[in-house]
Amino acid sequence: MARDPGRGKPLVPQRHTMKEHWGYYAVSWAIVEVNMEDRVEVYRGTTAQITCIFTSDDGIGGMTIEWFYMTQQGKRQRIYNQDPTMNSVDRGTPFTDRITVNSTGAPGGVVLTINEVRLEDEVEFICEIKSLTDGRGEGRTKLKVFAKPDRPTIEAVQGGISVKEERPSKIGVCEVKHGFPKPNITWYRNDTPLRSGQYAAKIESSTTTESSGLYSVKSELSLKVKKEDKDAEFYCEVNYFVPGETRMTETERITITVYYPSTAVNVWVESPKGKIKEGDSIELHCYGNGNDPSAELSITYPG
Numbered sequence: 001m002a003r004d005p006g007r008g009k010p011l012v013p014q015r016h017t018m019k020e021h022w023g024y025y026a027v028s029w030a031i032v033e034v035n036m037e038d039r040v041e042v043y044r045g046t047t048a049q050i051t052c053i054f055t056s057d058d059g060i061g062g063m064t065i066e067w068f069y070m071t072q073q074g075k076r077q078r079i080y081n082q083d084p085t086m087n088s089v090d091r092g093t094p095f096t097d098r099i100t101v102n103s104t105g106a107p108g109g110v111v112l113t114i115n116e117v118r119l120e121d122e123v124e125f126i127c128e129i130k131s132l133t134d135g136r137g138e139g140r141t142k143l144k145v146f147a148k149p150d151r152p153t154i155e156a157v158q159g160g161i162s163v164k165e166e167r168p169s170k171i172g173v174c175e176v177k178h179g180f181p182k183p184n185i186t187w188y189r190n191d192t193p194l195r196s197g198q199y200a201a202k203i204e205s206s207t208t209t210e211s212s213g214l215y216s217v218k219s220e221l222s223l224k225v226k227k228e229d230k231d232a233e234f235y236c237e238v239n240y241f242v243p244g245e246t247r248m249t250e251t252e253r254i255t256i257t258v259y260y261p262s263t264a265v266n267v268w269v270e271s272p273k274g275k276i277k278e279g280d281s282i283e284l285h286c287y288g289n290g291n292d293p294s295a296e297l298s299i300t301y302p303g
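Residues 1 to 303 in the UniProt record's numbering are what the sequence shown spells out, letter by letter.
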């Protein structure tokens, strides 16, 4: 390959050139470096700002700046274009009426501002910079969108539960609405977290995607109860995500009525008091330490 005798660089055949030597042209592209944050996190309905910082061997004058986002189909869709003579927002995109691009106030810096952020704005944004000599570079930032859910609710089962039940019985239902991303629900018995299969527990959860795109989560706890559960408190812990952290909140605590059989029975003469004589009417009382309404207590007289 022929070389430029003045610069010692390879000569590449080109139609459009910078400098001609014997029908060959010396080509040199400026190095363009672009720096962006990996991710920007905001609440739905607020304003997001994505910064693009760039440098070039050619300096920063005369740069072409283009902003894109990645569609759900994995394609680049341009939303903004700026060159030394003009700038414009592309029409017909989801961002057309909600974005502006301005200088950061420092050389080599621009910021994309997105107003009234929506859930569907959670995509990857690309800032592409082109220099005067066709050097180019790009950076990418993922926008993460959050919505704080409503306060969670809990509802206990109505009526009592017998320890004689062979299968787990419904204890209650927890629900948290209108969160994004999807919140997580954990059941607790006193201060011990419960998992399906643990302590004969059964937990069934369902998720609903609202028309707004927000998530609502419902969780139902069933348990094979024991006598000790009459004094237990049940509640739900909800973990949800917000910009920069994970937060937690709890429901109110509920108790359940547990039916269990007697393990000891006491019988006594309520009246008359003192000695009993032939012909007296006797009132006997019988007490068991269980509380099963279906249990029967009977007094028999042998003989």
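All C-beta atoms in this analysis are idealised placements derived from N, C-alpha and C, irrespective of residue type, glycine included. Bear in mind the structure is a predicted one, so any value in this text is a computation, not a measurement.
Closest by C-alpha distance to Ser216, out of Glu237, Gly109, Pro152, is Pro152.
A Cβ-Cβ distance of about 6 Å is found for the pair Leu284 and Val267, placing them in contact under the 8 Å criterion. Taking a C-beta distance under 8 Å as the contact criterion, Phe54 and Glu41 do not qualify as a contact pair. Thr113 is bridged by DSSP to Gln49, Thr100. C-alpha of Val163 to C-alpha of Asn291: approximately 11 Å in a straight line. Between the alpha carbons of Thr257 and Val176 lies a gap of roughly 25 Å.
Taken atom to atom, the span from the alpha-carbon of Ile114 to that of Glu210 is near 24 Å.
Excluding residues up to 5 positions away in sequence, Pro168, Ser196, Ser222 lie with their Cβ nearer than 7 Å to the Cβ of Lys202 in the same chain. A check of alpha carbon separations from Ile129 across Gly105, Gln82, Asp150 identifies Gln82 as the nearest. Beyond the five residues adjoining it in sequence on each side, Pro272 comes within less than 7 Å, by CB distance, of Asp280 in the same chain, given in chain order. When DSSP assignments are scanned along the UniProt domain "Ig-like" (152–255), the uninterrupted stretches of beta strand (DSSP E) that are 3 or more residues long and fall wholly within it turn out to be 153–156, 160–162, 169–179, 184–189, 201–209, 215–223, 234–242, 245–250. Ranked by how close their Cα comes to the Cα of Thr186, the residues Arg140, Thr100, Arg76, Tyr240 have Tyr240 in first place. Residue environment: Arg189 is assigned as buried (16 or more neighbouring CB atoms within 10 Å of its CB, all protein chains considered).
Gly159 counts as exposed, since fewer than 16 other C-beta atoms from the protein chains shown sit within 10 angstroms of its C-beta. Residue nearest to Glu66 within the set Gly74, Thr51, Gln72 is Thr51 (criterion: CA-CA distance). Comparing alpha carbon positions, the residue from Met63, Thr93, Tyr235, Val173 closest to Thr85 is Met63.
In the displayed model, Glu37 falls within coil according to three-state DSSP, outside both helix and strand. For Ile126, the enclosing beta strand (DSSP E) covers residues 124–130.
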